[in-house]
Amino acid sequence: MHSIRWVFSLGLLASAAFHPAVAEGFDREQILEQMKASRPLDLVVIDQRDGAQQYTLGIFAVEGDSVDPEIRRFKLWHESPDNLLIPTESVNCGLEQPLRVTRGTSAIYVRKLNPGGSMNASTREDHLVWWAACHPELAGQDPAGLADKARELGYSTELIESQEVLRLPAP
């Protein structure tokens, strides 16, 4: 029953986005409250900002792969005052080659990560998502402070981070 309400709410939000006349009937606060009310029950918020750059990042529906136990698939919840995106992504939690795989409109991005090692602002989200999917008990913790935990789990913390961009064929 909850999933039907959730799908209906998302459908309502999507239709409002594509039909300006419908969207005018709602105020911004109403839409934000509907988005919050439609959050999945298993959503774990891993990053959140208030104020002018209000933003919520969460992870839900995390599943292991039946063939490779190091792979996790999940859905992300990117919520901002004017948008809601729910992409499906995956990570590799292995000690040898931890990575995050995302998909854009024109490419697939494979980001090799260094759990517990040095990182920069541009890879912070990658690390937040990776830790939440691979080690849910650490979801939402600042990845910059997880070096000792990473070493305890067997990660070297000295891997080279990189990104591969795999272009998709034009439609």
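Residue numbers (the working numbering): 479 to 649. Just so you know, even glycine gets a beta-carbon here, dropped at the ideal spot from N, CA and C. This structure is a prediction, so every number in the text was calculated from the model and none was measured.
Next on the checklist: So, for residue 540: in the same chain, excluding its five sequence neighbours on each side, which residues have a beta-carbon less than 6 Å away from its beta-carbon?
Outcome noted: 550, 552 and 611
Next on the checklist: Bridge partners for residue 632 per DSSP, in chain order?
Outcome noted: In the DSSP output, where bridge partners are listed per residue, residue 632 has none listed.
Item to check | Member of 514, 596 and 538 whose CA lies at the smallest distance from the CA of residue 622 | outcome: 596
Checklist entry - Counting along the chain, where does the alpha helix (DSSP H) carrying residue 610 start and finish? => result 602-612
Checklist entry - Can you tell me the Cα-Cα spacing of residue 573 and residue 630, whole angstroms? => result 12 Å
Item to check | Secondary structure of residue 687, DSSP reduced to three states | outcome: Residue 687 is absent from the structure shown; the chain starts at 479 and stops at 649.
Checklist entry - Per DSSP, which one or two residues make a beta bridge with residue 523? => result 536
Item to check | Exposed unless 16 or more other CB atoms sit within 10 angstroms - verdict on residue 500 | outcome: The pLDDT assigned to residue 500 is 46, lower than 50, so where the model puts this residue is not dependable; a value taken from the coordinates is nonetheless given after this. By the 10 Å Cβ count, residue 500 comes out exposed.
Checklist entry - Could you give the distance in angstroms between the alpha-carbon of residue 532 and the alpha-carbon of residue 609? => result 22 Å
Checklist entry - For residue 646 versus residue 584, is the C-beta distance shorter than 7 Å? => result yes
Checklist entry - By a C-beta neighbour count over all protein chains shown, 10 Å radius and 16 as the cutoff for buried, is residue 527 buried or exposed? => result exposed
Next on the checklist: Nearest by alpha-carbon distance to residue 518: which of 524, 536, 625 and 529 is it?
Outcome noted: 536
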